[in-house]
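Asks:
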Amino acid sequence: MITFKTTQTLPQKKLVGKSMRMSLMQNTTPQLWKSFMQLRNSIKNAVGSDLYSLQVYDEMYFDNFNPQTEFTKYALTAVSDFESIPDEMEAFTLESGLYAVFLYQGLPQNFAEAFQYIFQKWLPNSEYTLDNRPHFEVLGAAYNPTSETSQEEVWIPIRI
């Protein structure tokens, strides 16, 4: 189930984690997160406990959508600065911008329905258009990938 919450201007965030190129057809998200979680405790300057699942799509990704088209996915956590980045990890600066924020409840494998709602119903019927910036999900305390009651925030970049 997906519910629209609000639109919000997100301030710049400093994030650290790991990335991997993948497609929806060749989805390697579990491997990415396993690799990140094994090293997560080596991040000494983490801010909060939320995790960020972030996607960077090429500029034309949504114009000619194809589930075999690759994008870069990140498993990240917020940090206070980039002074001490653990080996095997990388820095990512999420720039400030306007986002549509949704609440998704359910299993990760059922997220396709939420994706369809956002891009086929909510966005076309809103005053906004999709912006070419990172998309991300905030995985907070209510996130549990094995529970149907799992919750995560979905942040979609938009502009007027």
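Going by my numbering, the first residue of the sequence shown is number 44, and it counts up by one from there.
A virtual CB, placed ideally from N, CA and C, is assigned to each residue, including glycine.
Nearest to Ile199 by CA position, among Phe105, His178, Glu191, Ser193, is which residue?
Replies: Here residue 199 refers to the residue found at position 156 of the sequence shown. Of the candidates Phe105, His178, Glu191, Ser193, the one whose C-alpha sits nearest the C-alpha of Ile199 is His178.
Asks: At which residues does the beta strand (DSSP E) containing Pro200 begin and terminate?
Replies: One-based indexing of the sequence shown puts residue 200 at position 157. Per DSSP, Pro200 belongs to the beta strand (DSSP E) from 194–202.
Asks: What does a CB cutoff of less than 7 Å around Tyr171 pick up in its chain, not counting 5 residues either side in sequence?
Replies: On the sequence shown, residue 171 is found 128 positions in, with the first residue counted as 1. Cβ within range, chain order: Ala143, Ile201, Arg202, Ile203.
Asks: Between the C-alpha atoms of Asp93 and Phe135, what's the straight-line distance to the nearest angstrom?
Replies: Translated into positions along the sequence shown, residue 93 becomes position 50. Translated into positions along the sequence shown, residue 135 becomes position 92. Their backbone Cα atoms lie some 15 Å apart in a straight line.
Asks: Exposed or buried, which one is Thr189 when buried takes at least 16 other CB atoms within 10 Å?
Replies: In the sequence shown, the residue the question calls residue 189 occupies position 146. Answer is exposed; the Cβ neighbour count stays below 16.
Asks: State the Cα-Cα distance for the pair Met103 and Ile128, rounded to the nearest angstrom.
Replies: For the purposes of this step, residue 103 is identified with residue 60 of the sequence shown, where counting begins at 1. For the purposes of this step, residue 128 is identified with residue 85 of the sequence shown, where counting begins at 1. Computed Cα separation, rounded: 31 Å.
Asks: Measuring straight from C-alpha to C-alpha, what distance separates Arg64 and Glu113?
Replies: Counting from one through the sequence shown, the residue named residue 64 turns up at place 21. Counting from one through the sequence shown, the residue named residue 113 turns up at place 70. Roughly 6 Å separates the two Cα atoms.
Asks: Go ahead and label Gly60 buried or exposed: buried means 16 or more other beta carbons lie within 10 angstroms of its beta carbon, across all protein chains shown.
Replies: Within the sequence shown, numbered from 1, the residue matching residue 60 stands at position 17. So Gly60 counts as buried.
Asks: Suppose you measure from the CA of Ser193 to the CA of Gly91; what does that come to, to the nearest Å?
Replies: Counting from one through the sequence shown, the residue named residue 193 turns up at place 150. Counting from one through the sequence shown, the residue named residue 91 turns up at place 48. Cα-Cα distance, rounded: 19 Å.
Asks: List the endpoints of the continuous alpha helix (DSSP H) containing Phe158.
Replies: Translated into the one-based positions of the sequence shown, residue 158 becomes position 115. Note, Phe158: alpha helix (DSSP H), 154–159.
Asks: Give the DSSP-derived three-state secondary structure of Met103 in the structure shown.
Replies: Walking along the sequence shown from the start, residue 103 turns up at place 60. If DSSP states are grouped into helix, strand and coil, Met103 belongs with coil.
Asks: Are three or more beta carbon pairs between the stretch 94–101 and the stretch 156–173 nearer than 8 Å?
Replies: They do not touch, by the three-pair rule.
Asks: Under the rule that 16 or more other beta-carbon atoms within 10 Å means buried, what is Glu131, buried or exposed?
Replies: What you label residue 131 is simply residue 88 of the sequence shown in a count that begins at 1. Glu131 comes out exposed.
Asks: Nearest CA to the CA of Asp174: which residue from Met80, Glu126, Asp106?
Replies: For the purposes of this step, residue 174 is identified with residue 131 of the sequence shown, where counting begins at 1. Among Met80, Glu126, Asp106, the Cα nearest to that of Asp174 belongs to Asp106.
Asks: Just to confirm, does Thr50 get its C-beta within under 7 Å of one of the non-hydrogen atoms of the ligand PLP?
Replies: Only the bare structure without any ligand can be found here, which leaves the ligand PLP out of the picture.
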